[in-house]
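Residue numbers (our numbering): 118 to 564.
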């Protein structure tokens with residue numbers, strides 16, 4: 118009897134709703150987000166941003182802003198003195214120098230005693246631009262005759278070079294590409310040409326996906342409080358990477374990481390889009406003024422200058438025998454990284470192999486810079502775009518083969534020990550078991 122009672126008393130976890138620990142604070146409004154911090158003597162910041170996607174930055178005049186009551190300071194890249202370690206890093210070079218490369222690119226930051234005074238000051242800053250051709254379409258940006266998304270002067274400064282001409286990127290086929298192509302990492306296995314010749318059915322498709330904002334409820338925001346001596350900083354960011362913020366701020370300000378403390382606060386959504394963005398800039402200004410400082414994006418600013426999922430152009434070719442056996446997967450993705458290299462782009466190539474056993478693979482991802490804001494993650498970096506193209510093409514291939522799409526997937530499903538693109542072996546992933554469960558489900562039988 119005791120044993121039976123103990124068995125019945127065991128909690129049932131599957132299908133049981135558990136109360137969220139952060140639920141009461143959020144529904145009652147007690148939760149304090151990055152933009153809710155209120156510190157004694159705190160100042161407020163607004164950004165002055167470019168209305169052009171691409172232009173030379175000729176002059177910035179902040180004198181009118183500084184004459185507005187309540188405006189405390191105004192900084193440009195030159196006057197702030199922040200280490201411009203890498204022009205191709207948005208966090209390390211948050212203010213434009215010499216050239217703006219996307220609409221919304223910050224050129225100055227204005228600090229006020231109130232949000233209203235900071236906003237009025239930002240509106241009063243006068244900026245002279247010389248518009249340049251804007252590179253918008255990622256596919257056109259790969260062509261040798263494309264206008265550069267960044268001038269050679271900026272590329273040379275970013276690369277630490279003094280060459281008057283920047284060599285074009287060269288793809289694995291020896292194809293000349295424009296300087297906008299920042300990397301072309303090929304992923305290859307077997308002999309793709311032999312695999313296509315062996316195929317009895319070949320299907321080739323082309324897809325375009327759009328940039329997608331993560332649509333979190335809370336916009337990017339950060340509050341920074343320096344110590345009176347300026348030797349330490351406390352940061353309250355809306356971020357998914359506390360340690361990344363600490364490292365980025367310490368690097369930008371040339372401070373030891375032990376002098377930067379990042380406090381964890383509730384975050385109103387992120388989904389991959391809350392990467393380090395504003396924190397180094399706000400920290401640099403707060404450190405300079407020795408005053409607490411807060412910057413909260415408006416919804417419009419966040420939509421224009423966030424880290425959306427990248428736009429892609431995908432061409433994919435699949436080859437198979439009549440019995441459904443895959444013989445070749447060939448894919449090329451053009452990934453629009455915006456004005457900055459996308460560090461997550463390397464993941465995209467691995468997704469094109471999917472979970473299928475195929476002896477011949479040729480996968481290339483061209484990461485292209487355009488005159489748009491930088492891009493980031495959105496739930497599985499570059500995965501949805503690649504799998505959308507792959508699985509859509511698999512469906513077309515199954516139609517050409519007149520084969521049940523579930524049977525096709527069972528034939529080609531990866532098994533434990535199969536080689537992968539990292540020159541290793543696949544572990545057990547349970548794919549066949551999942552496909553068998555689908556086949557037995559009434560919804561599949563009644564489709």
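The beta carbon of each residue, even a glycine, is placed where N, CA and C say it ideally should be. No experiment lies behind these values; they were computed from the predicted model shown.
{"Check": "Is the beta carbon of residue 377 sitting closer than 7 Å to the one on residue 366?", "Outcome": "yes"}
{"Check": "Excluding sequence positions up to five away, which residues of its chain have a Cβ less than 6 Å from the Cβ of residue 321?", "Outcome": "434"}
{"Check": "Using 8 Å as the cut-off, can you tell me whether the stretch 213–228 makes contact with the stretch 465–483, which would need three or more C-beta pairs spanning the two stretches below that distance?", "Outcome": "no"}
{"Check": "Whole angstroms are fine: how far does the CA of residue 145 sit from the CA of residue 299?", "Outcome": "48 Å"}
{"Check": "Quick one: Cα of residue 551 to Cα of residue 515, how far?", "Outcome": "19 Å"}
{"Check": "Residue 219 by DSSP, collapsed to three states: which one?", "Outcome": "coil"}
{"Check": "Do residue 485 and residue 259 have their beta-carbon atoms positioned less than 7 Å apart in this structure?", "Outcome": "yes"}
{"Check": "Among the candidates 265, 241 and 502, whose CA atom is the shortest distance from the CA of residue 466?", "Outcome": "502"}
{"Check": "Could you please give the first and the last residue of the uninterrupted beta strand (DSSP E) stretch that includes residue 165?", "Outcome": "160–166"}
{"Check": "How many angstroms separate the CA atom of residue 391 from the CA atom of residue 176?", "Outcome": "32 Å"}
{"Check": "Quick one: measure Cβ to Cβ for residue 333 and residue 293, integer angstroms, because I've assumed they're closer than 8 Å.", "Outcome": "With a Cβ gap of about 40 Å, residue 333 and residue 293 do not count as contacting."}
{"Check": "Hey, how far is the Cα of residue 179 from the Cα of residue 338?", "Outcome": "24 Å"}
{"Check": "For residue 556, collect the residues of the same chain with a Cβ closer than 7 Å to its Cβ; drop the 5 residues on either side in sequence, then sort them by chain order.", "Outcome": "523"}
{"Check": "Does the stretch 477–484 come within contact of the stretch 428–448, defined as at least 3 CB pairs closer than 8 Å?", "Outcome": "yes"}
{"Check": "Could you name each continuous alpha helix (DSSP H) segment of 4 residues or more that falls completely within the stretch 415–470, going from the start of the chain to the end?", "Outcome": "416–422 and 463–469"}
{"Check": "Quick one: complete beta strand (DSSP E) runs, 3+ long, within the stretch 128–188?", "Outcome": "160–166 and 172–178"}
{"Check": "Spatial neighbours of residue 183 within its chain, please: CB distance less than 8 Å, with the 5 preceding and 5 following residues excluded, ordered by chain position.", "Outcome": "190, 191 and 238"}
{"Check": "Looking only at its own chain, which residues have a Cβ that is under 6 Å from the Cβ of residue 267, when we skip the five neighbours before and after it?", "Outcome": "218"}
{"Check": "In chain order, what residues of the same chain lie with their CB nearer than 7 Å to the CB of residue 548, ignoring the 5 residues before and after it?", "Outcome": "472, 530 and 531"}
{"Check": "Leaving out the 5 sequence neighbours to the left and right, which residues in its chain are closer than 7 Å to residue 211 when beta-carbon positions are compared?", "Outcome": "223, 397 and 398"}
{"Check": "How would you call residue 533, buried or exposed, if buried means at least 16 neighbouring beta carbons within 10 angstroms?", "Outcome": "exposed"}
{"Check": "Kindly indicate which residue of 405, 261, 425 and 506 has the alpha-carbon position closest to the one of residue 336.", "Outcome": "425"}
{"Check": "Pick helix, strand or coil for residue 312, following the three-state DSSP scheme.", "Outcome": "helix"}
{"Check": "Helix, strand or coil for residue 390, going by three-state DSSP, please let me know.", "Outcome": "coil"}
{"Check": "Going residue by residue through the stretch 195–269, where are the continuous alpha helix (DSSP H) segments of at least 4 residues, counting only ones entirely within it?", "Outcome": "232–241"}
{"Check": "Short check: CB of residue 249 to CB of residue 171, under 7 Å?", "Outcome": "yes"}
{"Check": "Given that a residue counts as buried once 16 or more other Cβ atoms are within 10 Å of its Cβ, and exposed if not, what is residue 404?", "Outcome": "buried"}
{"Check": "By the DSSP assignment, the alpha helix (DSSP H) with residue 359 in it spans what residues?", "Outcome": "359–370"}
{"Check": "Between which residues of its own chain and residue 494 is the CB-CB distance below 6 Å, once the five residues before and five after are set aside?", "Outcome": "389 and 461"}
{"Check": "Measure the alpha-carbon distance for residue 278 versus residue 383 and round it to whole angstroms.", "Outcome": "Low confidence applies here, because residue 278 scores a pLDDT of 44, under 50, leaving its location unreliable and the question unanswered by this model."}
{"Check": "In angstroms, rounded to a whole number, what distance separates the CA positions of residue 236 and residue 199?", "Outcome": "22 Å"}
{"Check": "How is residue 285 classed by DSSP in three states: helix, strand or coil?", "Outcome": "Only weak support exists for where residue 285 lies, its pLDDT of 42 falling under 50; the value from the coordinates is given anyway. Reduced to three states, the DSSP call for residue 285 is coil."}
{"Check": "Within 10 angstroms of its Cβ, does residue 558 collect 16 or more other Cβ (buried), or is it exposed?", "Outcome": "exposed"}
{"Check": "Tell me which same chain residues have a C-beta within less than 7 Å of the C-beta of residue 194, skipping the five on either side of it?", "Outcome": "201, 212, 213 and 214"}
{"Check": "Assign residue 560 to buried or exposed, taking buried as 16 or more other Cβ atoms, counted over all protein chains shown, within 10 Å of its Cβ.", "Outcome": "exposed"}
{"Check": "Measuring only the C-alpha atoms, how far is residue 393 from residue 130?", "Outcome": "36 Å"}
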